[in-house]
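Peer 1: Chains as they are written, first to last, in the working numbering: chain A, 6 to 293; chain B, 316 to 632; chain C, 5 to 409. Beta carbons: idealized from backbone N, C-alpha and C, even for Gly.
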Amino acid sequence: MLILQVLINGILLGGLYGIMALGMSLIWGVMNIVNLAHGALIMLGAYITFWAFTLLGWDPFLSLPVTVALLFVYGYLLQRFVLNLIVRAQLFITLLITFGIEVVMINLARILWSSDLRQVTPAYAGSNFSVGGLTVPYVRLWVFVTTIVLSVLFLLLMERTRLGRAIRATSQELRAARLTGIPVARIYAVTFGLGAALAGAAGTLWGMLFPITPTMGGALTLKSFVVAVLGGLGTMMGPIVGGLVLGLAESFSSTYVGPTYPNAISFGLLVLILIFRPTGVLGRREGG
Amino acid sequence: MSIKRWVPLLAGLLVLLVLGAAPTVVSPFMLQFLINLFMLAALAESWNIIGGFTGYASFGNVAFFGIGAYTTGVLLTRVGAPFALALPAGGLLAMVFAAVVGLPILRLKGHYFAIATLGVAETMREVVYNVEFTGAGTGLVMPIVRSPLPFFYLMLAILAAVTLLNWWLSESRFGYGLIAIREDEDAAAVMGINTPLYKTIAFAMSGLFAGLAGGVYAYWITFIDPDAVFKVIITVQMIIMAVFGGAGTVLGPLLGALVMASVSEWLSTHLVTLAELFNGLIVILVVIFMPKGLSDLIRHRTFSLRYFVKNLREHRI
Amino acid sequence: MKRSVGRRLIGAAAVGLLLAAVVAWAATDTIVLGSAISQTGKYAREGKFYVDAYTMTVDAVNKQGGVKVGGKTYKLELKLYDDQSDPNLSVRLFTQLVTSDKVNFLLGPYTSGITIPASSVAEKYQIPMVQGGGASEKIFDRGYKYIFGTLPRAEFYFLSATQAAVNLKPPIKTAALLYSNEAFDRSVAEGSRQLLKEYRIEKVYDEQYQPATQDFTSILAVIKSKNPDLILVAGHAENSLNFIRQSQAADVNPKMWVFTVGPPTADFRQALGKAAEHAYGVTPWLPDMDIGGEVFASAREFSKQFKARFGYEADYHVASGAADVLVYKFAIEKANSLEPTKVRDAIASLDVETLYGRVKFEPNGQIALGQVLIQIQQGKLVPVYVAGKFAAKPIYPMPKWSQRK
Chain A
6 MLILQVLING ILLGGLYGIM ALGMSLIWGV MNIVNLAHGA LIMLGAYITF
56 WAFTLLGWDP FLSLPVTVAL LFVYGYLLQR FVLNLIVRAQ LFITLLITFG
106 IEVVMINLAR ILWSSDLRQV TPAYAGSNFS VGGLTVPYVR LWVFVTTIVL
156 SVLFLLLMER TRLGRAIRAT SQELRAARLT GIPVARIYAV TFGLGAALAG
206 AAGTLWGMLF PITPTMGGAL TLKSFVVAVL GGLGTMMGPI VGGLVLGLAE
256 SFSSTYVGPT YPNAISFGLL VLILIFRPTG VLGRREGG
Chain B
316 MSIKRWVPLL AGLLVLLVLG AAPTVVSPFM LQFLINLFML AALAESWNII
366 GGFTGYASFG NVAFFGIGAY TTGVLLTRVG APFALALPAG GLLAMVFAAV
416 VGLPILRLKG HYFAIATLGV AETMREVVYN VEFTGAGTGL VMPIVRSPLP
466 FFYLMLAILA AVTLLNWWLS ESRFGYGLIA IREDEDAAAV MGINTPLYKT
516 IAFAMSGLFA GLAGGVYAYW ITFIDPDAVF KVIITVQMII MAVFGGAGTV
566 LGPLLGALVM ASVSEWLSTH LVTLAELFNG LIVILVVIFM PKGLSDLIRH
616 RTFSLRYFVK NLREHRI
Chain C
5 MKRSVGRRLI GAAAVGLLLA AVVAWAATDT IVLGSAISQT GKYAREGKFY
55 VDAYTMTVDA VNKQGGVKVG GKTYKLELKL YDDQSDPNLS VRLFTQLVTS
105 DKVNFLLGPY TSGITIPASS VAEKYQIPMV QGGGASEKIF DRGYKYIFGT
155 LPRAEFYFLS ATQAAVNLKP PIKTAALLYS NEAFDRSVAE GSRQLLKEYR
205 IEKVYDEQYQ PATQDFTSIL AVIKSKNPDL ILVAGHAENS LNFIRQSQAA
255 DVNPKMWVFT VGPPTADFRQ ALGKAAEHAY GVTPWLPDMD IGGEVFASAR
305 EFSKQFKARF GYEADYHVAS GAADVLVYKF AIEKANSLEP TKVRDAIASL
355 DVETLYGRVK FEPNGQIALG QVLIQIQQGK LVPVYVAGKF AAKPIYPMPK
405 WSQRK
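1. Taking residue 333 of chain C as part of the alpha helix (DSSP H), name the residues at either end of that continuous run.
2. For the alpha helix (DSSP H) that contains residue 245 of chain A, what are its first and last residues?
3. Hey, residue 155 of chain A and residue 206 of chain A: beta-carbon distance below 8 Å or not?
4. Return no unless some Cβ of chain B is closer than 8 Å to the Cβ of residue 173 of chain A.
5. Step through the CB atoms of chain B and report whether any lies within less than 8 Å of the CB of residue 146 of chain C.
6. Given this structure, state the Cα-to-Cα distance separating residue 231 of chain A from residue 247 of chain A, to the nearest angstrom.
7. Should residue 16 of chain A be flagged as near chain C, meaning a C-beta pair shorter than 8 Å?
8. Roughly how far, in whole angstroms, is the beta-carbon of residue 322 of chain C from the beta-carbon of residue 57 of chain C, given that I think they are within contact range, below 8 Å?
9. Between residue 426 of chain B and chain A, is any beta-carbon pair separated by less than 8 Å?
10. Just to confirm, does residue 51 of chain C get its C-beta within under 7 Å of one of the non-hydrogen atoms of the ligand SAM?
11. Between which two residues does the beta strand (DSSP E) carrying residue 223 of chain A extend?
12. Residues of the region 101 to 133 of chain A in Cβ contact with chain C at a cutoff of 9 Å, in chain order, please.
13. Can you give, in chain order, each stretch of the alpha helix (DSSP H) that sits fully within the region 323 to 368 of chain B and has at least 4 residues?
14. If I measure Cβ to Cβ from residue 365 of chain B and keep anything under 7 Å in the same chain, skipping five residues before and after, which residues do I get?
15. Beta-carbon separation of residue 558 of chain B and residue 101 of chain A under 8 Å?
16. Quickly, what does DSSP pair residue 63 of chain A with across the bridge? List them, please.
17. Considering only residues of the region 168 to 207 of chain C, which uninterrupted alpha helix (DSSP H) runs meet the minimum length of 4 residues and lie entirely inside it, listed in chain order?
18. Which residues, in order along the region 179 to 211 of chain C, keep a beta-carbon less than 7 Å from a beta-carbon of chain A?
19. Short check: CB of residue 109 of chain A to CB of residue 596 of chain B, under 8 Å?
20. Taking the Cβ atom as the reference point for each residue, do residue 399 of chain C and residue 282 of chain C lie within a distance shorter than 8 Å?
21. Assess contact between the region 576 to 588 of chain B and the region 74 to 94 of chain C, defined as three or more Cβ pairs (one per stretch) separated by less than 8 Å. Is contact present?
22. Starting from residue 29 of chain A, follow the alpha helix (DSSP H) in both directions and report where the run begins and ends.
23. Taking buried to mean at least 16 other C-beta atoms within 10 Å of its own C-beta, is residue 363 of chain C buried or exposed?
24. Is it buried or exposed, residue 14 of chain A, if we count other Cβ atoms within 10 angstroms and call 16 or more buried?
25. Output the residue ranges of the alpha helix (DSSP H) runs that lie fully inside the region 530 to 557 of chain B and measure 4 residues or longer, sorted by chain position.
26. Can you find a C-beta in chain A that's less than 8 Å from the C-beta of residue 83 of chain C?
27. Rounded to the nearest angstrom, what separates residue 404 of chain B and residue 487 of chain B at their Cα positions?
28. To the nearest angstrom, how far is it from the Cα of residue 369 of chain C to the Cα of residue 345 of chain C?
29. Would you please state the rounded distance, in angstroms, between the beta carbons of residue 290 of chain C and residue 356 of chain C? I believe it to be under 8 Å.
30. Residue 54 of chain A and residue 209 of chain A look like a contact to me (Cβ under 8 Å); what is the Cβ gap, rounded to whole Å?
31. Out of curiosity, what's the CA-to-CA distance linking residue 401 of chain C and residue 226 of chain C?
32. Could you check the C-alpha separation between residue 286 of chain C and residue 164 of chain C for me, to the nearest Å?
33. Buried or exposed, going by whether 16 or more other CB atoms sit within 10 Å of the CB of residue 461 of chain B?
34. Just to confirm the assignment, what range does the beta strand (DSSP E) spanning residue 135 of chain A have?
35. Between residue 42 of chain C and residue 87 of chain C, what straight-line distance do the alpha-carbon atoms span, to the nearest angstrom?
36. Determine the chain C residues that contact residue 145 of chain A at a beta-carbon separation under 9 Å, and present them in chain order.
What follows is the structure, given as structure tokens:
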């Protein structure tokens, strides 16, 4: 019975991890930017949800589209006017600038919202249902469903629309994309906007389950790395699979090895995957 | 060999002598600041070997710092070894660890390498958290040493040694080999450079000095726990300082550490709670306007708007 | 013409004011208390409690005539830095406070992990540090002479809880112990194991978790399968908050649960809302206690002033911080000197009543203070077990989640 409960816990958590990493994976795959401010974007999404909930009384699922739209605009502007300036620089330059953005965002959030523990608690927050001795929290289930819906929408956007094709073309061959008349600078901005929007959605969902603080993002950035690499970069659904792998790895190691081991195991897994299969679980077998 | 080659070395020796005499004139606070500065500069120089010369953007060098700190700490407090033994042991273990880990992960390139090193550092932190012998989450308390002088001279010595090593790299065949790897690894291999060996040695050297700095730090600060000596921000500091000064140059990381440490110290005592915010803004502005660092700026001897605009043009889309 | 006269007048007035200020500054001597506290970074939330506590107490002392030494009156002054939740920066800032800013005495930072290295600066330069933010025994078992702490000992955090547990009807038989892998919480766990043994409560679960843990569902699944009567949780407020919320979602229903940190603090109860109901906590201090002394006549008075000024309810962090400042006032007046060594001796032998309770330090420098077991009942903190007796009726066993409204 315990093993089934652990399985359910792992899967439900894994969905959330998946959507957290989806945006990071997109930005990484298309522009080769490893975005250290990713967790800060999730934090921003969570705070917007918190404000909508406490100031306007909006249900988090209702404010989700608003958060997504706001984060898209924020991400678009950030790429257009800041990150586009250095997008072709050496690798550690992009790491440093996104780190700088993270620090600035955390500190602005502290000034805006203070460091108090914040929580989004709709009336149904703690409710659950039981099936044959297994307990399933409603919120986690809805979060999981939302993750799947958003991922499918994202996939459709990338595969079926002109915009999606333009983004994929840009990611494959920058010069060629430019020659065919794709406005690369704008495509980059839209891509970052999409990544930020997904991070914002993850923030809304995260904020329904866990406390919101200005410094919550750092750990989430690291988790997103692990998920993105586990799933394999460059595959659209990789992060979702990676999320499930991490969710299950965490809940099983916490139960059967000990609650202090999940991080050791997931980071260890990250290193091993990079060494032995750098393209991830879903990726084709090619050199890194 | 011409005399000209030895000029930087002599100049370095002179600076070293002046710094060595500093404790007689500066205030205790200044001394504390200098110890920290030497540590940061030594870390930036040690990162420079792998990140600057070899072009492998390691994002996990804090692992070596932490291993050095913990080895020294455990030997001092659990085994009762003298510091004179505990410190070199810390450096050595960090070096061996770098070599062993380096062999497989140095095959990775670009972001994959960066993330793998980050993963190694995080894994090490979590491992230390789970080992009772290292004090686990409680951390380790060191005996107190009232005089800051031993730490001052040790950090200075480590800094001098790692700077000397960087200088040697800039002058030697081995160093040219590393630069060749940075510029084009495949071509370097064709030229007959044993690239895996070169890279591993560079990584191990980097590990040795980060480990030594960690060992001195542990004894100096009197208390270490896994979060404090394995945190990502220490790696980020190494990179920022090296890049700000000029990655891949001998004096760049020194210069970068000097300026960045002074600025952030000034901010933290004058702007207090806004210090971090400004630190973040400075990082953003620096990488946008002078991604090649201070040493490039000095070499061009221009401080004109044109220089910054040129930098801006170079990497934007 | 007219305008220029006006300007001159303003100018003269400004110069006059400046002169007056300089004279006033020179006339009143000050005693400077220095500290570096986390105002940004991961401990910013708790750091704020201490900044506010220090600020308010210093102002109150000054308003009531300051500190009298050798027939002269001194004003207290604060010199505060932000350590950005970084122990390395903390040590440098404390060194700066002692050697460059030449502050007279030191107040503590927050959390054991920063207090341990920071207090070694105090010991090195032999300047007393009175701190209310670190309770781990690692701070006090190094034989230091200049570090004093006003938080109760970590090992005894759950003493009142275990005492109450065996006297409840029906009595608690089994317990789960869950604690964070950190200096302070590991000390708490060490002590709690002894307590459980002593009071013959069977321990059915004993695990630690990483301090940054957010998801407790797997831990909860295991605890649920052991079905303990009592759950003891040691960790930061964020951990307690996650634990309670996820217990509700996972439908975990012990008869009683007790948290080291969280329930006494206002933003914790606000963030949790109704889910916080019935949770037990421990605190050495409550805002409506009938204790007091000089400067603040009662805890109630202190809490009222504090809330009016800072807009949130004081908890034991705040009161402990206030006591730290008061310790200096009393010790300096007792020593009748500003000499650090003399003040240090006066602190060591101090025995006074304050708004925080009786302040008297053990030989190792830590206060001897009992903990009150509290329960959140209808959003209010109710002291249920005080000094070996039930003071109010506890709601026990806690109603199951499904039976709560």
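Peer 2: Well, looking at it:
1. 320 to 339
2. 243 to 261
3. yes
4. no
5. yes
6. Answer to the nearest angstrom: the Cα atoms are 8 Å apart.
7. Any Cβ of chain C closer than 8 Å to the Cβ of residue 16 of chain A would place that residue at the interface, and such an atom is absent.
8. For a cut-off of 8 Å, the C-beta gap from residue 322 of chain C to residue 57 of chain C is around 4 Å, short enough to register as a contact.
9. Closer than 8 Å: yes.
10. The model on display carries no ligand, and the ligand SAM is accordingly not part of it.
11. It is not in any beta strand (DSSP E) - residue 223 of chain A instead sits in the alpha helix (DSSP H) that spans 222 to 236.
12. 111, 112, 115, 119, 120, 121, 122, 123, 124, 126, 130, 131, 132, 133
13. 343 to 362
14. 371, 373, 517, 518, 521
15. If you check the CB distance, residue 558 of chain B and residue 101 of chain A come in under 8 Å.
16. Beta bridge pairing from DSSP links residue 63 of chain A with no other residue.
17. The qualifying runs are 187 to 202.
18. 185, 211
19. yes
20. yes
21. yes
22. Judged by DSSP secondary structure, residue 29 of chain A falls within the alpha helix (DSSP H) whose first and last residues are 7 to 36.
23. buried
24. Around the beta carbon of residue 14 of chain A, 16 or more other beta carbons sit within 10 angstroms, so the residue counts as buried.
25. 541 to 544
26. no
27. Each residue's alpha carbon lies about 28 Å from the other.
28. 15 Å
29. Going by Cβ atoms, the distance from residue 290 of chain C to residue 356 of chain C rounds to 19 Å, so no, they are not a contact pair.
30. Yes, residue 54 of chain A and residue 209 of chain A are in contact; Cβ-Cβ is about 4 Å, under 8 Å.
31. 21 Å
32. 8 Å
33. exposed
34. 133 to 136
35. Roughly 5 Å between the two C-alpha positions.
36. 221, 253
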